[in-house]
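Participant: Structure below; questions to follow.
Chains as they are written, first to last, in this note's numbering: chain A, 19 to 302; chain B, 210 to 548.
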């Protein structure tokens, strides 16, 4: 169950083009599972930026000098994320979490591959650790447009069986996209599960590759959301349910992790005509 | 910061003199004048994780329609200065599922519930009212009339006095006579008091003032409208002065009609402004997205703000901002000009 806490900023550090914030968040690490996210209020009590920003939880520590703490990785895209990047030690933040449904982990030690696009790698670190603990082989693919937009290369190397890097400009690793190298990795390791976090286009392509190799896929989507707790109905996307019916589901409470084969990727941003409650087709 | 001016914070009111926070909206009696707002609280379940929803005035549920609806494509939302635009398209499960699942849960939970209904025709509003007849847990009905009338060139019910009155007449006729009926008014009209008078004549028990104001944003990167629905409803503190003005004008025009004030309320002092302008109760809407405990926090802050000003009850403060100037349009006698 999510809680709302006043968290103290312990540290803000640069990592390539990103900022990593360490924040006290008593109570959140205790119920955290990889894939969960938090929302953070922007600009203080009288801010004109009224919408909270959502971040995948990157790391948690439930013990230590500060009690429970968590890390989030912030990419500066606008006024809200810039404000967050400018926070300093001892500033306070309004945190709500843990939110969403976490990654589903395999019961047995099957080979897994983790794919992160840009700072989409953030939720994969603790996932990798937990998969390793279960005896899973963990291959990791990180991709970005250029080297400075990769996040956490050195740290994730420690928890991965094999790490592959791709950049579109060739500034690091293989020149190209994660999807260029993913089939080879899945083939040589018999990957049974693919976990992915990154832009929608990447997730769609990764889900298609997973399906091709008959692997189970778990994709963490990034939809614009206003509340993060399931009340505003803005972050919906078309997902096929257990009954085979497509519904416009909230990515904040029913996601952000979805099975790749159940998301109707090509129809995100539309309401498929066969979705539950879709407008009746015109007779004309 | 205003709160600091009075040397106390939100929580301190509990220790101070207690203010009678009980409030009424027509025959609906509540322990508090702070409610949620339709579309900003779903059906209460999510918010119950953050505060005890039985401790506020009531939950106003998301507008429900006759059948399940998928709503509009995304993007459905866009942040604006001190506010946001939304174009959800009334996504929801339909009235039957709502009654069986959501309303049943609210009833079991013991929350007071104002059910918001929305239709595409006068008949649909009537059928919705009929479905809610004799259903346990419907403490009041709020009629969301800011919907297009499919039968007549998509004219919005709330923007036409006659059309709005027809909806209310139909809902009134089809509802339990004991159930208070509120009409939620749109600010997108030339004279909101004209619509208010018209629905009051049609037998409404109270007015919810206001719904969102129609707005739009163009994304300068794509150079297209930011919302898939092109236009959307503007809400949040950005519309608070408009909402407050509407409450004030309606209170001047209709001294006795119960008013539920809504629009950008973020703090207890914001809520107090609405009460002083003539609202009998207030809804906290969009700011619940910003702070999931906002309705409960605003309630505590309002109690503190009333105590600070020497009020013993919320009731005493209702319309207090109108004193001096005669509410009925006559200048009161004996008032002297300030020097």
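Every residue gets a Cβ at the ideal spot worked out from N, C-alpha and C, and that includes glycine. Since the structure is predicted, the reported quantities are computational estimates derived from the model, not experimental observations.
1) Do the region 276-287 of chain A and the region 83-90 of chain A meet, that is, are 3 or more Cβ pairs less than 8 Å apart?
2) With a threshold of 8 Å between beta carbons, is residue 288 (chain A) in contact with chain D?
3) DSSP three-state call for residue 289 (chain A): helix, strand or coil?
4) How is residue 541 (chain B) classed by DSSP in three states: helix, strand or coil?
5) For residue 209 (chain A), which option in A:184, A:179, A:192 has the closest C-alpha, if you only look at C-alpha atoms?
6) Starting from the N-terminal side, write out each stretch of the alpha helix (DSSP H) that is 4 residues or longer and does not extend beyond the region 430-472 of chain B.
7) Do residue 346 (chain B) and residue 337 (chain B) have their beta-carbon atoms positioned less than 8 Å apart in this structure?
8) With DSSP as the reference, identify every bridge partner of residue 533 (chain B), one or two as the case may be.
9) Looking at residue 140 (chain A): is its Cβ nearer than 8 Å to the Cβ of residue 169 (chain A)?
10) DSSP has residue 358 (chain B) in a bridge; who is on the other side?
11) Which chain B residues are close to residue 18 (chain A), counting only those with a beta carbon under 8 Å from its beta carbon?
12) Please go through the region 116-203 of chain A and give each complete alpha helix (DSSP H) segment of 4 or more residues, from N-terminal end onward.
13) If distances are taken between C-alpha atoms only, which option among B:476, B:523, B:380 comes closest to residue 65 (chain A)?
14) Any C-beta of chain B sitting closer than 8 Å to the C-beta of residue 293 (chain A)?
15) State the DSSP-derived secondary structure class of residue 294 (chain B), mapped to helix, strand or coil.
16) Exposed or buried, what is residue 360 (chain B) when buried is set at 16 or more other beta-carbons lying within 10 Å of its beta-carbon?
17) Consider the C-beta atom of residue 305 (chain B) and the heavy atoms of the ligand NAP; say whether any pair is separated by less than 7 Å.
18) For residue 292 (chain B), which residues in chain A fall below 8 Å Cβ to Cβ?
19) So which residues of chain B does residue 42 (chain A) contact, with C-beta pairs closer than 8 Å?
20) Can you find a CB in chain B that lies within less than 8 Å of the CB of residue 185 (chain A)?
21) Roughly how far, in whole angstroms, is the beta-carbon of residue 449 (chain B) from the beta-carbon of residue 415 (chain B), given that I think they are within contact range, below 8 Å?
22) So, does the CB of residue 467 (chain B) fall closer than 8 Å to a CB anywhere in chain A?
23) Bridge partners for residue 213 (chain A) per DSSP, in chain order?
24) In the region 279-353 of chain B, which residue ranges form an unbroken alpha helix (DSSP H) of at least 4 residues, counting only runs that do not cross its ends?
25) For residue 283 (chain B), collect the residues of the same chain with a Cβ closer than 8 Å to its Cβ; drop the 5 residues on either side in sequence, then sort them by chain order.
26) By the DSSP assignment, the alpha helix (DSSP H) with residue 371 (chain B) in it spans what residues?
27) According to a CB-to-CB cut-off of less than 7 Å, which residues of the region 209-232 of chain A neighbour chain B?
28) Per DSSP, residue 271 (chain B) forms a beta bridge with which residues?
29) Less than 8 Å between the C-beta atoms of residue 457 (chain B) and residue 424 (chain B), yes or no?
30) What residues of chain B sit near residue 237 (chain A), judged by a beta carbon separation below 9 Å?
31) Tell me, to the nearest whole angstrom, how far the beta carbon of residue 73 (chain A) is from that of residue 90 (chain A); I am working on the premise that it is less than 8 Å.
32) Can you tell me whether DSSP reads residue 112 (chain A) as helix, strand or coil?
33) Taking just the CA atoms, how far does residue 240 (chain A) sit from residue 120 (chain A)?
34) May I ask you to verify whether the region 152-166 of chain A touches the region 180-187 of chain A, counting CB pairs closer than 8 Å and requiring at least 3?
35) Under a CB-based cut-off of 8 Å, is residue 255 (chain B) close to chain A?
36) Quick one: is residue 508 (chain B) near chain A, going by C-beta distance under 8 Å?
Facilitator: In this structure, then:
1) no
2) Absence of chain D from the displayed structure is noted, the protein chains being A and B.
3) coil
4) The predicted model places residue 541 (chain B) with a pLDDT of 46, which falls under 50 and marks its position as unreliable; any figure quoted below should be read in that light. Looking at residue 541 (chain B) - three-state DSSP - the assignment turns out to be coil, as it is neither helix nor strand.
5) A:179
6) 449-462
7) no
8) Note: residue 533 (chain B) sits in no beta bridge, so no partner.
9) yes
10) B:364
11) Because chain A here runs from 19 to 302, residue 18 (chain A) falls outside it and cannot be looked at.
12) 142-151, 171-177
13) B:476
14) yes
15) strand
16) exposed
17) This structure simply doesn't include the ligand NAP, nor any ligand for that matter.
18) 68
19) Per Cβ cutoff of 8 Å: no residues; residue 42 (chain A) is ~19 Å from chain B at best.
20) no
21) No, residue 449 (chain B) and residue 415 (chain B) are not in contact; Cβ-Cβ is about 20 Å, not under 8 Å.
22) no
23) A:132, A:236
24) 313-318, 331-341
25) 437
26) 370-383
27) none
28) According to DSSP, which records beta bridges pairwise, residue 271 (chain B) is partnered with nothing at all.
29) no
30) Correct list: empty, because the minimum Cβ distance to chain B is about 17 Å.
31) 4 Å
32) strand
33) 14 Å
34) yes
35) yes
36) no
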